[in-house]
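Just so you know, the protein sequences line up as chains A and B, in that order. Per the numbering used here, the first sequence starts with residue 462, numbered consecutively. Per the numbering used here, the second sequence starts with residue 462, numbered consecutively. Okay, structure first, notes after.
There are 2 protein chains.
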Amino acid sequence: MSEDSAKIAVIGLGNAGLPLAAIVADSGIKVMGVDINEERCRMINQGENPIPEEVGLEELIKLHGGKRLVATPRFEDASGCKTFIVIVPVFVDAGNNPDFSIMQKALHSLGKILKKGDLVVLETTFPPGTTEGMAASRLCEASGLLPSDFFLAYSPERIMTGYSLSRLREFPKVIGGRDDESGIVAYQVYKNFISNLHLVSSARVAEMIKVMEGCYRDVNIALANELFKICQDLGVDFFEAREKANHQFCHIHLPSTGVGGHCIPVYPWFLIKEMDKRENFSNCRLLRTSREVNDEMIRYWAGRILSECMKIKKPLFSIKICIKGITFRAGVKEFYHSRNLALARLLMEKGLDAYVSDPLLSEHDVQKWGLRHIDPLTADLLFDPFLLKFEYPQKTKD
Amino acid sequence: MSEDSAKIAVIGLGNAGLPLAAIVADSGIKVMGVDINEERCRMINQGENPIPEEVGLEELIKLHGGKRLVATPRFEDASGCKTFIVIVPVFVDAGNNPDFSIMQKALHSLGKILKKGDLVVLETTFPPGTTEGMAASRLCEASGLLPSDFFLAYSPERIMTGYSLSRLREFPKVIGGRDDESGIVAYQVYKNFISNLHLVSSARVAEMIKVMEGCYRDVNIALANELFKICQDLGVDFFEAREKANHQFCHIHLPSTGVGGHCIPVYPWFLIKEMDKRENFSNCRLLRTSREVNDEMIRYWAGRILSECMKIKKPLFSIKICIKGITFRAGVKEFYHSRNLALARLLMEKGLDAYVSDPLLSEHDVQKWGLRHIDPLTADLLFDPFLLKFEYPQKTKD
Numbered sequence: 462m463s464e465d466s467a468k469i470a471v472i473g474l475g476n477a478g479l480p481l482a483a484i485v486a487d488s489g490i491k492v493m494g495v496d497i498n499e500e501r502c503r504m505i506n507q508g509e510n511p512i513p514e515e516v517g518l519e520e521l522i523k524l525h526g527g528k529r530l531v532a533t534p535r536f537e538d539a540s541g542c543k544t545f546i547v548i549v550p551v552f553v554d555a556g557n558n559p560d561f562s563i564m565q566k567a568l569h570s571l572g573k574i575l576k577k578g579d580l581v582v583l584e585t586t587f588p589p590g591t592t593e594g595m596a597a598s599r600l601c602e603a604s605g606l607l608p609s610d611f612f613l614a615y616s617p618e619r620i621m622t623g624y625s626l627s628r629l630r631e632f633p634k635v636i637g638g639r640d641d642e643s644g645i646v647a648y649q650v651y652k653n654f655i656s657n658l659h660l661v662s663s664a665r666v667a668e669m670i671k672v673m674e675g676c677y678r679d680v681n682i683a684l685a686n687e688l689f690k691i692c693q694d695l696g697v698d699f700f701e702a703r704e705k706a707n708h709q710f711c712h713i714h715l716p717s718t719g720v721g722g723h724c725i726p727v728y729p730w731f732l733i734k735e736m737d738k739r740e741n742f743s744n745c746r747l748l749r750t751s752r753e754v755n756d757e758m759i760r761y762w763a764g765r766i767l768s769e770c771m772k773i774k775k776p777l778f779s780i781k782i783c784i785k786g787i788t789f790r791a792g793v794k795e796f797y798h799s800r801n802l803a804l805a806r807l808l809m810e811k812g813l814d815a816y817v818s819d820p821l822l823s824e825h826d827v828q829k830w831g832l833r834h835i836d837p838l839t840a841d842l843l844f845d846p847f848l849l850k851f852e853y854p855q856k857t858k859d
Numbered sequence: 462m463s464e465d466s467a468k469i470a471v472i473g474l475g476n477a478g479l480p481l482a483a484i485v486a487d488s489g490i491k492v493m494g495v496d497i498n499e500e501r502c503r504m505i506n507q508g509e510n511p512i513p514e515e516v517g518l519e520e521l522i523k524l525h526g527g528k529r530l531v532a533t534p535r536f537e538d539a540s541g542c543k544t545f546i547v548i549v550p551v552f553v554d555a556g557n558n559p560d561f562s563i564m565q566k567a568l569h570s571l572g573k574i575l576k577k578g579d580l581v582v583l584e585t586t587f588p589p590g591t592t593e594g595m596a597a598s599r600l601c602e603a604s605g606l607l608p609s610d611f612f613l614a615y616s617p618e619r620i621m622t623g624y625s626l627s628r629l630r631e632f633p634k635v636i637g638g639r640d641d642e643s644g645i646v647a648y649q650v651y652k653n654f655i656s657n658l659h660l661v662s663s664a665r666v667a668e669m670i671k672v673m674e675g676c677y678r679d680v681n682i683a684l685a686n687e688l689f690k691i692c693q694d695l696g697v698d699f700f701e702a703r704e705k706a707n708h709q710f711c712h713i714h715l716p717s718t719g720v721g722g723h724c725i726p727v728y729p730w731f732l733i734k735e736m737d738k739r740e741n742f743s744n745c746r747l748l749r750t751s752r753e754v755n756d757e758m759i760r761y762w763a764g765r766i767l768s769e770c771m772k773i774k775k776p777l778f779s780i781k782i783c784i785k786g787i788t789f790r791a792g793v794k795e796f797y798h799s800r801n802l803a804l805a806r807l808l809m810e811k812g813l814d815a816y817v818s819d820p821l822l823s824e825h826d827v828q829k830w831g832l833r834h835i836d837p838l839t840a841d842l843l844f845d846p847f848l849l850k851f852e853y854p855q856k857t858k859d
């Protein structure tokens, strides 16, 4: 291995992996990025940024792409690296159990090039115990190495799409080893590119930290949704009450149509399913209830939409209803567990004359989801699922 | 009414009322305090502070007691006042329904001396709608006045025992009227002694603000308790994980034996029971689950205590177990809905050799609660319900 070759490999150049790879490169370290998406690799190597919404990433990819940061679809190209950071997705399946298939494939391929003395750091959020359990076994199996032959640690990504670079540069980041030595080795490597880094006592603790944060968010969004519904019933303006209720000891969140995306609606299941396996069902009553409250918000909003329809001077089934956005979050073209998409589908399934208008989507994009596009100005009732506001563009309201 | 007579009456000189009365007096306004407790009135008038744990109150009572702040058990003595602040307790009964009996009695007596143009401000926490509903009716009934004859507003106390004066001086306080004019009149009066004051659109919104804060606390304590139990099962140190999980957007609370006192375990019921009345049961699933999770924590801790007993070299029923504190909070001699008291009782009911040692209580005090006092050093197992820690003073542990 020449002085010139890459020292750190980042496996997975998605929304979480690429910003991290760019930060590592920007710290002066040569990075080999591995991703199965060949087109993405080509773009990066030409200095083109594949995630335009990520503030500051364009400059870094332009500066380092194809130079200090090289992307490749082949694991063999990273065989000279000493540190491997794995940041590929883990989803939940239809039964809400973690789906490790992509992660297991990546660990298998990584095992094939893993050498004695190498360091592996996992960044993907998954159930506590996964690093020292499943991940360690897979790496040993594929590499033929003993657990003590390589260092293994966990450091959860804490990014937020759009703000990943500032998060990596400023936000506290934790790292914990499968064993004490792994923790120290991983901490020393990460310290080169993460300034606000905190070593915790184990990989398991680091895994729990990330999942706990997600649970805090999910439960508090469920609480906001519940208080919002109660305020509506009591004739109280939730937003006015929330503004004045919140202070340094009170952090009531914002209500919504539920919680979507790859993170918050997924993480509570990691704990719920783990407790189910141990038959400690009662340990997760609040987490489970919060998931249900959030997922059922689309029924609440469907009910509110029907109430609004009663104010419109047309028969129910000829009222043109438009949902203004079906992505899971405003401004992000992602649909995973999108409750807004689910709401639009629920209205269609009920036989209502429901349409979609989404500034991020073409008419064709909308049709791909089995929905119908409409010019929002021609709708009788417009529901904005991000602002939770109703409008009546056709002035057919009483 | 002479220039010299009191201008503001404070009805109820309890832990919330007396600090407020002292703050009003300290702003230069003459205050008539009304409380049924004659001994308390006597003390105050002699400049003696009946709430020693309240920081700074002693100086104020010494300075103003019997002078600018006069206490009386008779409502008639306050008949010359123009503003009446009502701050008497509302509890919940055995079925968790609000028990307004003390409040209704106070409002009836107040009604008898209420005059045209007077201002009444309620400070007690109760269900949204109570000021404009029950309170307004009671005052009209007893006074013979029309609703429009007097001003009526609501401004929830936001104190915390021990820190009430600094809370009143610095913390944001909200106020809202039954109608717009009442809101403005009440705001102008309160502005004379509360500097961080915020007028909100109605009494109902102000009522909801206070209840929402309590719900946030109860739900987040339930979440902390649930995450604590999960961490225990997964072999993760909850306190380490919590410290690193918390940041500007994450506020995981501390675990406990549950939630006691007059406030947090009571306020969620105000909303739950109100929604029950409207048959909107599903609107309060999370609030209800949180109450249950918190109340059931004593069963969890009883189980943990039994697990610890298994490590002690003695038959189960001859192991001396000592609960180190039965008040609902450390350092506050209050027992309302105390989960620590409930835990000690649960252990006794199960036939275990359970005792109590509480630095705030004499042997006699402990016996009054049907429990047995012990010198903690003679116990085999000591459980501190505030620190959630076990000790083995008799060294009988394996």
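Cβ coordinates follow ideal geometry from the N, Cα and C atoms, glycine included.
Buried versus exposed, by CB contacts within 10 Å (16 or more), residue i
{"i": "A:Asn755", "result": "buried"}
{"i": "A:Leu848", "result": "exposed"}
{"i": "A:Val516", "result": "exposed"}
{"i": "A:Thr839", "result": "exposed"}
{"i": "B:His708", "result": "exposed"}
{"i": "A:Ser717", "result": "buried"}
{"i": "B:Phe836", "result": "Here the sequence assigns Asp to residue 836 of chain B, which means Phe is not the residue at that position. Exposed."}
{"i": "B:Leu821", "result": "exposed"}
{"i": "B:Lys690", "result": "buried"}
{"i": "A:Leu688", "result": "buried"}
{"i": "B:Phe710", "result": "exposed"}
{"i": "A:Asp496", "result": "buried"}
Residue i versus residue j - alpha carbon distance
{"i": "A:Lys566", "j": "A:Gly473", "result": "12 Å"}
{"i": "A:Lys528", "j": "A:Val492", "result": "9 Å"}
{"i": "A:Asp641", "j": "A:Leu613", "result": "10 Å"}
{"i": "B:Arg599", "j": "B:Ala667", "result": "20 Å"}
{"i": "A:Cys770", "j": "A:Phe851", "result": "11 Å"}
{"i": "A:Ala803", "j": "B:Leu660", "result": "40 Å"}
{"i": "A:Lys518", "j": "A:Ile512", "result": "The question names Lys, yet the displayed sequence has Leu at residue 518 of chain A. One C-alpha to the other measures close to 8 Å."}
{"i": "A:Gly446", "j": "A:Ala664", "result": "The shown model of chain A, from 462 to 859, leaves out residue 446 of chain A, and the question about it has no answer."}
{"i": "B:Phe545", "j": "B:Gly786", "result": "39 Å"}
{"i": "B:Arg424", "j": "B:Val720", "result": "With chain B covering 462 to 859 only, the question about residue 424 of chain B has no answer from this structure."}
{"i": "A:Leu658", "j": "A:Pro633", "result": "6 Å"}
{"i": "B:Ile782", "j": "B:Leu842", "result": "5 Å"}
{"i": "A:Phe587", "j": "B:Ser627", "result": "44 Å"}
{"i": "A:Val471", "j": "A:Ile784", "result": "39 Å"}
{"i": "A:Tyr622", "j": "A:Ala477", "result": "In the sequence on display, residue 622 of chain A carries Thr and not Tyr. Roughly 8 Å between the two C-alpha positions."}
{"i": "B:Ser540", "j": "B:Thr788", "result": "39 Å"}
{"i": "A:Cys502", "j": "B:Cys692", "result": "40 Å"}
{"i": "B:Pro846", "j": "B:Ile759", "result": "10 Å"}
Residue i Cβ short of 6 Å to the ligand SAH heavy atom set
{"i": "A:Gly623", "result": "Questions concerning the ligand SAH fall outside what the structure shown contains, since it holds no ligand whatsoever."}
* To do: Could you please tell me which residues of the region 673 to 707 of chain A, in chain order, have their CB closer than 8 Å to any CB of chain B?
  => Here the close residues are Met673, Glu674, Cys676, Tyr677, Arg678, Val680, Asn681, Ala683, Leu684, Glu687, Leu688, Lys690, Ile691, Cys692, Asp694, Leu695, Gly696, Val697, Asp698, Glu701, Ala702, Arg703, Lys705 and Ala706.
What are the complete beta strand (DSSP E) segments, minimum 3 residues, inside the region 495 to 573 of chain A? Segments of the beta strand (DSSP E) lying fully in the region 495 to 573 of chain A: 530 to 533 and 544 to 547.
Practice problem: Determine, using beta-carbon pairs with one atom in the region 648 to 661 of chain A and one in the region 693 to 713 of chain A, whether at least three such pairs fall under 8 Å. | Solution: Segments in contact, no.
Threshold first: 3 residues or longer. Then list the beta strand (DSSP E) segments lying entirely within the region 655 to 714 of chain A, N to C. Runs of the beta strand (DSSP E) inside the region 655 to 714 of chain A: 658 to 660.
Does the structure place the region 670 to 684 of chain B close enough to the region 703 to 712 of chain A that three or more beta carbon pairs sit under 8 Å?
Yes, since at least three Cβ pairs between the region 703 to 712 of chain A and the region 670 to 684 of chain B fall closer than 8 Å, the two stretches touch.
Task: At least 3 beta-carbon pairs within less than 8 Å: the region 773 to 785 of chain B vs the region 806 to 823 of chain B - done: Cβ pair count under 8 Å is three or more, so yes.
**Request:** Pick out the complete alpha helix (DSSP H) segments inside the region 739 to 787 of chain B, 4 residues or longer, and give them in chain order.
**Result:** Whole alpha helix (DSSP H) segments, 4+ residues: 746 to 756 and 758 to 770.
Checklist entry - With a cut-off of 8 Å, do at least 3 Cβ pairs link the region 549 to 564 of chain B to the region 727 to 741 of chain B? => result With a cut-off of 8 Å, the region 727 to 741 of chain B and the region 549 to 564 of chain B count as touching, because enough Cβ pairs lie within range.
Would you list, in chain order, the members of the region 648 to 675 of chain A that have their beta-carbon closer than 7 Å to a beta-carbon of chain B?
Legend: CB atoms of the region 648 to 675 of chain A lying less than 7 Å from CB atoms of chain B belong to residues His659, Val661, Ser662, Arg665, Val666, Met669, Ile670, Met673 and Glu674.
Looking at C-beta atoms only, is the number of pairs between the region 497 to 513 of chain B and the region 532 to 551 of chain B that lie closer than 8 Å three or more? Using a C-beta cut-off of 8 Å, the region 497 to 513 of chain B makes contact with the region 532 to 551 of chain B, since at least three inter-stretch Cβ pairs fall below that distance.
Practice problem: Specify whether the region 818 to 834 of chain B and the region 737 to 745 of chain B touch according to this definition: at least 3 beta carbon pairs, one from each stretch, less than 8 Å apart. | Solution: No, the region 818 to 834 of chain B does not touch the region 737 to 745 of chain B.
Q) Relative to chain B, which residues along the region 576 to 605 of chain A have a C-beta separation below 8 Å, given in chain order? A) With the criterion set as a beta carbon lying under 8 Å from some beta carbon of chain B, the members of the region 576 to 605 of chain A are Pro589 and Gly590, in sequence order.
_Give me the subset of the region 614 to 643 of chain A whose CB atoms are less than 8 Å from a CB atom of chain B, sorted by chain position._
So the close ones are Phe632, Pro633 and Val635.
Check: Given a limit of 9 Å on CB to CB distance, which residues of the region 737 to 750 of chain B reach chain A?
Finding: Against chain A - using a Cβ distance shorter than 9 Å - the residues of the region 737 to 750 of chain B are Arg739, Asn741, Ser743, Asn744, Cys745, Arg746, Leu747, Leu748, Arg749 and Thr750.
Q: At 4 residues or longer, and completely inside the region 573 to 603 of chain B: list those alpha helix (DSSP H) runs for me, N to C.
A: Runs found: none.
**OP:** Could you list the residues in the region 711 to 725 of chain B with a C-beta less than 9 Å from some C-beta on chain A, going in chain order?
**Re:** Across the region 711 to 725 of chain B, CB contacts with chain A closer than 9 Å involve Cys711, His712 and Ile713, in sequence order along the chain.
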